[in-house]
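Enquirer: FYI, the numbering for the sequence shown is 334 to 465, going by our numbering.
Take this structure first; my questions come after.
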Amino acid sequence: MPITLDQFLAPHSEALRMGARRAELIARNLANADTPNYKARDLDFQSVLSKARNGSGPALSATHTAHLQPGSSGDFGAELLYRIPTLPRLDGNTVDAQLEQAAFAENALRYSASLTFLDGRIKGLKAALRGE
Numbered sequence: 334m335p336i337t338l339d340q341f342l343a344p345h346s347e348a349l350r351m352g353a354r355r356a357e358l359i360a361r362n363l364a365n366a367d368t369p370n371y372k373a374r375d376l377d378f379q380s381v382l383s384k385a386r387n388g389s390g391p392a393l394s395a396t397h398t399a400h401l402q403p404g405s406s407g408d409f410g411a412e413l414l415y416r417i418p419t420l421p422r423l424d425g426n427t428v429d430a431q432l433e434q435a436a437f438a439e440n441a442l443r444y445s446a447s448l449t450f451l452d453g454r455i456k457g458l459k460a461a462l463r464g465e
C-alpha cells in the first residue's frame with residue numbers, strides 16, 4: 334500500500350501545530366499573570382501524544398453543515414486543563430510566572446526538535462527522489 338505525503342509528514346506537522354497551540358496558551362497565561370481570578374490553562378502533552386499514537390482521538394460526527402468537521406479540533410482532542418497552583422495567591426490568580434516560563438522554554442525546545450525531525454524527513458525524501 335503506497336504511503337501519502339500527508340501520512341509521511343503527519344506526526345511532525347501535528348507536533349508543530351500542538352506546539353504552536355501550547356505556546357499560545359502559555360503566552361496567554363503569562364500575559365494574565367496580574368489579572369485577578371485568572372486561572373492558568375494548559376494542554377496535557379503526554380495525553381495528546383498517547384492519543385495520537387493509539388489513534389484514539391475524539392470521535393466527532395458532523396450532523397449539520399455548521400458543525401465542526403472531524404479532525405478540526407484546535408486542541409487536538411485534549412481538554413484544556415487548569416494548572417494547580419503551588420502557592421495560591423490572595424487575588425485568585427493561579428499563574429506562576431517561573432513555572433510558565435519554564436513550560437514555555439520546554440515547549441520551544443520540543444517545537445525546535447519537531448522542526449529538526451521534519452527537516453530530516455524532507456531531506457530524506459528529497460534524497461530518495463534524486464536517487465541518492
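Ideal Cβ placement from N, Cα and C applies to all residues, glycine included.
Report yes if the C-beta distance between residue 433 and residue 362 is below 8 angstroms; otherwise report no.
Expert: For the purposes of this step, residue 433 is taken as residue 100 along the sequence shown, with counting starting at 1. For the purposes of this step, residue 362 is taken as residue 29 along the sequence shown, with counting starting at 1. Yes; because the gap between Cβ atoms is below 8 angstroms, this pair is in contact.
Enquirer: Just to check my reading of the structure: residue 376 and residue 354 have Cβ atoms closer than 8 angstroms, yes? What is that Cβ distance to the nearest angstrom?
Expert: Here residue 376 refers to the residue found at position 43 when the sequence shown is read from its first residue. Here residue 354 refers to the residue found at position 21 when the sequence shown is read from its first residue. So it is a contact: roughly 7 angstroms between Cβ atoms.
Enquirer: So, residue 373 versus residue 427, is the Cβ gap smaller than 8 angstroms?
Expert: In the sequence shown, counting from the first residue as 1, residue 373 sits at position 40. In the sequence shown, counting from the first residue as 1, residue 427 sits at position 94. Against a cut-off of 8 angstroms, the Cβ pair of residue 427 and residue 373 comes out as a contact.
Enquirer: Could you check the C-alpha separation between residue 414 and residue 339 for me, to the nearest Å?
Expert: On the sequence shown, residue 414 is found 81 positions in, with the first residue counted as 1. On the sequence shown, residue 339 is found 6 positions in, with the first residue counted as 1. Those two C-alpha atoms are separated by around 30 angstroms.
Enquirer: Among 348, 370, 346 and 447, whose alpha-carbon lies nearest the alpha-carbon of residue 281?
Expert: Past the edges of the chain, shown from 334 to 465, lies residue 281, and the structure says nothing about it.
Enquirer: Please state whether the Cβ-Cβ distance between residue 469 and residue 345 is less than 8 angstroms.
Expert: Residue 469 lies beyond the stretch modelled for the chain, which goes from 334 to 465, so this question has no answer here.
Enquirer: Could you check the C-alpha separation between residue 444 and residue 352 for me, to the nearest Å?
Expert: Along the sequence shown, one-based indexing puts residue 444 at 111. Along the sequence shown, one-based indexing puts residue 352 at 19. Rounded to whole angstroms, residue 444 to residue 352 spans 6 angstroms at the Cα level.
Enquirer: What does the alpha-carbon distance come out to for the pair residue 465 and residue 454?
Expert: Taking the first residue of the sequence shown as 1, we reach residue 465 at position 132. Taking the first residue of the sequence shown as 1, we reach residue 454 at position 121. Cα to Cα, the separation comes out at about 14 angstroms.
Enquirer: Out of 459, 446, 462 and 456, point me to the one whose CA is closest to residue 348's CA.
Expert: For the purposes of this step, residue 348 is taken as residue 15 along the sequence shown, with counting starting at 1. Selected option, being the one with the closest Cα: 446.
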